[in-house]
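Note that the sequence shown covers residues 6 to 322 in UniProt numbering.
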Amino acid sequence: CRLTAIAAIVLTAVSAPLHAKNPVFDHVFTADPAAMVHGDTVYLFTGHDEAPHNDKFFEMHDWLLFSSKDMKTWQSHGAVLKATDFNWAKGDAWAAHAIERNGKFYFYTTVRHKDDKPGFAVGVAVADSPLGPYKDAIGKALITNEMTTQTKNDWDDIDPAAFIDDDGQAYLFFGNSVPKYVKLKASMTELDGEIKVIALKDFTEALWLHKKDKTYYLSYACEFPEKICYAKSQSIHGPWQYGGILNEIAGNSETNHQSIIEFKGQSYFIYHTGALPPKDGPNGEEPSGGRFRRSVAIDLLHYNPDGSLKRVLMTSE
Ligand code: FUB
């Protein structure tokens with residue numbers, strides 16, 4: 006009703022700002038944020054950009070972990086896993102995602118397979134604590150490029166994002182160029198049925214599924230350079246109704262990659278930018294962020310009364 010709508014708008018307008026600076030971490034380059042809420046803590050897994058200034062591609066070997074109880078002060082837990090901890094992989098620790106089931110923590114990753122032919126692959130590691138130690142759960146790739154190739158890219162099968170629905174059914178969403186999803190068995194380490202293709206407008210990569218009330222939201226990097234777009238559905242199987250652009254091109258980075266979480270009653274949009282400014286080094290100014298030297302940023306996410314998402318504008322604090 007009209008009164009509820011007005012109340013929602015007023016509440017949105019007065020909700021507290023996030024008092025943390027953006028980019029969040031300035032001692033290390035962080036990318037592809039994957040946030041997991043567990044108890045009273047947010048565990049933020051990130052990729053780790055290590056490319057030299059002005060390099061031409063990603064250099065990523067491991068995944069970092071940070072945690073916070075208030076989304077303002079963060080504790081660093083260092084690298085929790087590296088790509089070569091999967092003994093069938095040779096590197097490229099690209100986007101990952103962690104989820105808890107029955108007291109175990111499953112960490113789905115993108116890595117490059119040792120054998121060049123299958124290209125990228127999805128691995129799964131498991132731990133008894135969100136902080137790890139994480140170990141390869143099955144000793145082989147969960148998804149290989151050969152199982153999925155829809156285009157000529159060998160990175161067709163990247164960027165896994167897991168989701169457990171209210172009925173206990175788990176899913177893995179993933180893909181570049183062609184968005185896909187597959188059911189997972191209760192073990193969380195075996196696929197359950199065929200990989201299905203999703204119809205999404207302007208899709209590039211970085212799928213993330215979240216559910217608010219009874220609505221499913223599928224957000225993703227769209228176009229290139231990437232913005233974040235989203236679609237909504239009343240069923241996890243679609244059809245997906247395009248909702249528009251959620252976040253514009255991220256600073257100085259060609260890619261963007263998002264997490265959406267609800268924590269202590271507030272929704273957060275966590276993404277990356279190339280916007281880390283230069284800082285003073287021992288020999289003068291050290292080079293800044295960029296497309297292969299990205300940094301995680303966090304802003305508040307707000308819903309409109311009709312369930313659509315308000316566009317997120319990067320704030321500096
Ligand atoms: O970080 C490497 C790749 O860049 C990720 O897998 C994509 O989502 C993009 O952010």
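For each residue, glycine too, the CB sits at the ideal point set by N, CA and C.
In angstroms, rounded to a whole number, what distance separates the CA positions of residue i and residue j?
{"i": "Ser-238", "j": "Leu-212", "result": "14 Å"}
{"i": "Lys-216", "j": "Ala-167", "result": "12 Å"}
{"i": "Ile-14", "j": "Phe-229", "result": "With a pLDDT of 39 at Ile-14, under the threshold of 50, the modelled position of this residue cannot be trusted; read the value that follows with caution. Going by the C-alpha atoms only, they are around 33 Å apart."}
{"i": "Lys-74", "j": "Ser-272", "result": "14 Å"}
{"i": "Val-301", "j": "Thr-320", "result": "12 Å"}
{"i": "Phe-63", "j": "Gly-294", "result": "13 Å"}
{"i": "Tyr-221", "j": "Ala-98", "result": "28 Å"}
{"i": "Val-85", "j": "Ala-103", "result": "12 Å"}
{"i": "Ser-182", "j": "Asn-261", "result": "15 Å"}
{"i": "Asn-150", "j": "Pro-57", "result": "29 Å"}
{"i": "Asp-37", "j": "Gly-173", "result": "26 Å"}
{"i": "Ile-266", "j": "Met-41", "result": "8 Å"}
{"i": "Gly-96", "j": "Leu-70", "result": "18 Å"}
{"i": "Arg-316", "j": "His-307", "result": "8 Å"}
{"i": "Met-76", "j": "Asn-27", "result": "12 Å"}
{"i": "Ile-169", "j": "His-32", "result": "34 Å"}
{"i": "Lys-188", "j": "Glu-195", "result": "9 Å"}
{"i": "Arg-296", "j": "Thr-278", "result": "8 Å"}
Buried or exposed: which applies to residue i, given that a residue is buried once 16 or more other Cβ atoms fall within 10 Å of its Cβ?
{"i": "Lys-61", "result": "exposed"}
{"i": "Asp-121", "result": "exposed"}
{"i": "Lys-185", "result": "buried"}
{"i": "Asp-162", "result": "buried"}
{"i": "Ala-126", "result": "buried"}
{"i": "Pro-123", "result": "buried"}
{"i": "Lys-232", "result": "buried"}
{"i": "Asp-311", "result": "exposed"}
{"i": "His-118", "result": "buried"}
{"i": "Gly-198", "result": "exposed"}
{"i": "His-53", "result": "buried"}
{"i": "Glu-291", "result": "exposed"}
{"i": "Asp-90", "result": "buried"}
{"i": "Pro-282", "result": "exposed"}
Taking the alpha helix (DSSP H) that residue i falls in, what are its first and last residues?
{"i": "Thr-153", "result": "150-153"}
Over what stretch of residues does the beta strand (DSSP E) that includes residue i continue unbroken?
{"i": "His-242", "result": "Where His-242 is concerned, there is no enclosing beta strand (DSSP E), given that its DSSP letter is neither H nor E."}
{"i": "Lys-190", "result": "Where Lys-190 is concerned, there is no enclosing beta strand (DSSP E), given that its DSSP letter is neither H nor E."}
{"i": "Phe-229", "result": "Premise fails: Phe-229 is in no beta strand (DSSP E) and is neither H nor E."}
{"i": "His-215", "result": "208-217"}
{"i": "Ile-169", "result": "166-169"}
{"i": "Ala-36", "result": "34-43"}
{"i": "Leu-70", "result": "65-73"}
{"i": "Gly-289", "result": "289-291"}
Assign residue i to one of three DSSP states: helix, strand, or coil.
{"i": "Ala-88", "result": "helix"}
{"i": "Lys-122", "result": "coil"}
{"i": "Glu-55", "result": "coil"}
{"i": "Ser-300", "result": "strand"}
{"i": "Tyr-308", "result": "strand"}
{"i": "Gln-174", "result": "coil"}
{"i": "Ala-142", "result": "coil"}
{"i": "Ala-132", "result": "strand"}
{"i": "Val-47", "result": "strand"}
{"i": "Val-127", "result": "strand"}
{"i": "Lys-315", "result": "coil"}
{"i": "Ala-255", "result": "coil"}
{"i": "Gly-294", "result": "coil"}
Opposite residue i in the DSSP bridges: which residues?
{"i": "Trp-99", "result": "Thr-115"}
{"i": "Val-202", "result": "Lys-185"}
{"i": "Gly-249", "result": "Tyr-235"}
{"i": "Phe-110", "result": "Glu-105, Ala-132"}
{"i": "Gln-271", "result": "Phe-268"}
{"i": "Gln-80", "result": "Ser-72"}
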